[in-house]
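Counting from 613, one number per residue, gives the positions in the sequence shown under the working numbering.
We put the beta carbon where it would ideally sit given N, CA and C, even for glycine.
Note that the coordinates shown come from a computational prediction; the quantities given were computed from them, not determined experimentally.
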Amino acid sequence: MKKLLKVVAAALALSASVCSSFVFASDLKEAKLVLVGDSTVCAFKDSYLYPRYGYGTQIENNLSDKITVVNCARSGRSSKSFIKETNYQQMKDNLSKGDYLMIAFGHNDQKKEDTARFTNGNGKTDDADSFKHYLYEYYVKYALDVGATPILCTPIVRANADNDYSGVYAHITENGDYRKAIVELGKEKKVQVVDLTTLTKKLYKKIGFENAKYFHAIPVGKEDLTQDWSSLDTTHLNIFGAKEVAYLFAKAIKSSKCPLAKYVDKLYEPKKEVDLVKNDSYKFVEYKVLDLPNLSGSGNFETNSDWYGTAFGSCEESPKIAANGFFAKEVEQGVFNVGQTASGVSSGKIGADSDGISFVCQQIPSSKNFTLTAKAKVLTVADKKFEKSAAFGLMLRDDCFVPSQYTVDSNYIASALYSDGASSVVNFSRENKKLNLSNDKAPSYKVGDVAQFKIERVGQVVTITTTFDGKDFKQTYTDFDFIAKDNAFFYAGMFGTRGTTAEFTDVALTIEGESQIN
613 MKKLLKVVAA ALALSASVCS SFVFASDLKE AKLVLVGDST VCAFKDSYLY PRYGYGTQIE
673 NNLSDKITVV NCARSGRSSK SFIKETNYQQ MKDNLSKGDY LMIAFGHNDQ KKEDTARFTN
733 GNGKTDDADS FKHYLYEYYV KYALDVGATP ILCTPIVRAN ADNDYSGVYA HITENGDYRK
793 AIVELGKEKK VQVVDLTTLT KKLYKKIGFE NAKYFHAIPV GKEDLTQDWS SLDTTHLNIF
853 GAKEVAYLFA KAIKSSKCPL AKYVDKLYEP KKEVDLVKND SYKFVEYKVL DLPNLSGSGN
913 FETNSDWYGT AFGSCEESPK IAANGFFAKE VEQGVFNVGQ TASGVSSGKI GADSDGISFV
973 CQQIPSSKNF TLTAKAKVLT VADKKFEKSA AFGLMLRDDC FVPSQYTVDS NYIASALYSD
1033 GASSVVNFSR ENKKLNLSND KAPSYKVGDV AQFKIERVGQ VVTITTTFDG KDFKQTYTDF
1093 DFIAKDNAFF YAGMFGTRGT TAEFTDVALT IEGESQIN
């Protein structure tokens, strides 16, 4: 009898232990999981063949309905640059006692050439310029102070065709081992770390590059994916890859002592045949990269140096016809006349849906940092009824075309003056077909006016500056999409359209070395 009582008591004790460690869904409190990080975490609105997805967009697949995921991550940001974003305040506004903060930086902190984003991976936590300092001071400490639970994630590896996951592919640079810095900070501050660098490295090496590449975004391609991998983005994930990394994260949390583990009530392990999804609205177009060094313009598009003159887009009739007024030529060494004369104002323009422009440009490898500057004097403007949608200045484009007439809605950034009919809008861009005018305004430009333009590219950041009417107007673009059609090159140069022509002088293009890997 005593023996039986002992067995019953042991069984009851075991049952109590199991029950105490199990949390029923009905007992879970409502909470938030706030995400901060870079492009490997954030949401996108791509027109790619296989669009980019940050793994933060797929984490909820593995979590209880009791926890709400708030994704504050932004593409191209580092632990340093993110604190200047409105999304940093969004993080603060959403984080309360009992919530969770997932912190996933590292890709952009490594880029030493970009002082706005670089943090020192070798530094200690109390070094003001160190990666550890930014992670702790602005994220971990803030979470702890409000009673939330911080979770540090190391960056996912970059896919490597040789299956070699060392060096920059594993975030190890001369400025530090960024994975190691996060792991050390976690131990120092007793904060949960999910080592996604090691987890993705182990997975990628196991399955090999031929399989790992299916996790990644593909900007352009052919109907049969197996025929064209030339634009493969080895940094950014597609939805299949995002689901896989989200699964790895949730699985690691589930097996940890982190209190978030109780919210991982299911684990969704994606399958390629189900979760590798391409963009159904993607338009397959045959874009041929121009061999600019071996092209030479003639007539209205003649140049004498390394520049190439062309005109293309919504031109109604061929821009090659002299009467239509398009020209982009070098009138003497280093002096360029670009634009469209008043005789053809009904065709060229910067429109809501498409453009028609004259353009003098050079082709620049997409791996390069560079600066382009020029001064421009207005030679002609359109009559009042045609002046709206006219523009001139410098442009940095994803693609370029020989003189031709058809709809072009490519991505670009313009350090420029744009006529809205009542004033000059200073600087604009087009991305995913949408024309985005800045909020900066200046007086309407007129014949004889002079403006200074500048486009500077450092890593993923492009800064444009226009000086006009005694003022400097500046915009910064981080991780702008320049690879939707031509992933190998940028096209940078001078443009004009819709009755506006300008003389460009003091033109200087300086290639300033290799940009660090994305």
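Outcome for residue i when other beta-carbon atoms lying within 10 angstroms are tallied against a minimum of 16
i: Gln701; result: exposed
i: Ile1123; result: exposed
i: Gln804; result: buried
i: Gly911; result: exposed
i: Gln974; result: buried
i: Ala740; result: exposed
i: Ser778; result: exposed
i: Ala643; result: buried
i: Val769; result: buried
i: Val1059; result: exposed
Between the CA atoms of residue j and residue i - distance to the nearest angstrom
i: Gln1072; j: Glu1126; result: 12 Å
i: Phe634; j: Ala864; result: Confidence at Phe634 is low in this model, with a pLDDT of 47, below 50, so the placement of that residue should be treated as unreliable; the coordinate-derived value is given next. Approximately 18 Å, taken between the alpha carbons.
i: Asp840; j: Val901; result: 15 Å
i: Leu991; j: Leu904; result: 27 Å
i: Lys874; j: Lys641; result: 10 Å
i: Thr1117; j: Asp1010; result: 24 Å
i: Ser970; j: Thr1077; result: 21 Å
i: Asp757; j: Tyr751; result: 10 Å
i: Val1070; j: Val832; result: 24 Å
i: Phe1013; j: Cys927; result: 13 Å
i: Asp1091; j: Ser908; result: 32 Å
i: Ser1056; j: Phe998; result: 13 Å
i: Phe982; j: Trp919; result: 16 Å
i: Gly1111; j: Arg689; result: 40 Å
i: Ala760; j: Ala964; result: 45 Å
i: Thr1088; j: Ile1025; result: 10 Å
i: Asp738; j: Lys799; result: 15 Å
i: Val1119; j: Ala685; result: 38 Å
i: Leu1008; j: Ala1104; result: 4 Å
i: Ala622; j: Val886; result: Note that Ala622 scores a pLDDT of 48, beneath 50, so its modelled location is shaky and nothing firm can be said.
Cut-off 7 Å between Cβ atoms - residues of its own chain near residue i, not counting five sequence neighbours on either side
i: Tyr1030; result: Ile962, Ala1003, Ser1036, Val1037, Phe1040 and Leu1049
i: Lys724; result: Phe730 and Asn787
i: Ala829; result: Tyr660, Tyr662, Pro663, Arg664, Asp845, His848, Leu849 and Asn850
i: Ser574; result: Given that the chain is displayed from residue 613 to residue 1130, the structure contains no residue 574 and the question cannot be resolved.
i: Gly1098; result: Before going further, note that residue 1098 is Asp rather than Gly in the sequence given. Hits under 7 Å: Tyr899, Val901, Asp1010 and Asp1011.
i: Glu1043; result: Asn1023, Phe1092 and Asp1093
The beta strand (DSSP E) enclosing residue i, as first and last residue numbers
i: Thr1078; result: Val1073 to Phe1080
i: Ile715; result: Tyr712 to Ala716
i: Arg1009; result: Ala1003 to Arg1009
i: Leu991; result: Lys980 to Thr992
i: Gln974; result: Asp967 to Pro977
i: Asp1118; result: Thr1113 to Glu1126
i: Gln702; result: Segment Thr698 to Asn706 is the alpha helix (DSSP H) holding Gln702; no beta strand (DSSP E) there.
Own chain residues within Cβ distance below 6 Å of residue i, not counting five before or after
i: Asn916; result: Glu942
i: Asp807; result: Thr766
i: Tyr746; result: Ser691, Lys692 and Thr731
i: Gln670; result: Ala854, Lys855 and Ala858
i: Leu872; result: Tyr712 and Ile865
i: Lys1083; result: none
i: Gly710; result: Ala643
i: Gly937; result: Gln952, Thr953, Ser955 and Gly956
i: Ile679; result: Ala643, Leu645 and Tyr875
Contact with chain C by residue i, beta-carbon distance below 8 Å
i: Cys1012; result: Looking at the structure shown, chain C is missing, and only one protein chain is on hand.
Limits of the alpha helix (DSSP H) - the one that residue i falls within
i: Tyr859; result: Ile851 to Lys866
i: Tyr816; result: Leu808 to Ile819
i: Ile794; result: Tyr790 to Lys801
i: Phe743; result: Phe743 to Leu747
Closest residue to residue i among the options (Cα-Cα distance)
i: Cys870; options: Leu645, Glu898 and Phe821; result: Leu645
i: Ala1054; options: Ala1026, Glu697 and Phe1085; result: Phe1085
i: Gly718; options: Ile784, Asp1032, Glu672 and Ser843; result: Ile784
i: Phe821; options: Gln1064, Ala773 and Ile794; result: Ala773
i: Arg791; options: Glu1068, Ala771, Leu764 and Asn775; result: Leu764
i: Ile1067; options: Glu898, Met1106 and Ser1022; result: Met1106
i: Ala923; options: Ser959, Ser843, Leu888 and Lys890; result: Ser959
i: Lys817; options: Glu800, Ala782 and Val897; result: Ala782
i: Lys1046; options: Ser1022, Gly925 and Asp1061; result: Ser1022
i: Thr810; options: Asp677, Ile794, Lys802 and Asn699; result: Ile794
i: Thr1079; options: Lys987, Val648, Ile715 and Asp877; result: Lys987
i: Lys996; options: Ala1114, Thr985, Gly1033 and Lys802; result: Gly1033
i: Gly968; options: Gly921, Gln1017, Glu944 and Phe948; result: Gln1017
Residues of its chain near residue i, where Cβ-Cβ distance is below 8 Å and the 5 sequence neighbours each way are ignored
i: Leu879; result: Asn674, Tyr859, Ala862, Lys863 and Lys866
i: Asn891; result: Asp658, Ser659, Tyr660, Leu661, Tyr662 and Pro663
i: Tyr894; result: Ser659, Tyr660 and Leu661
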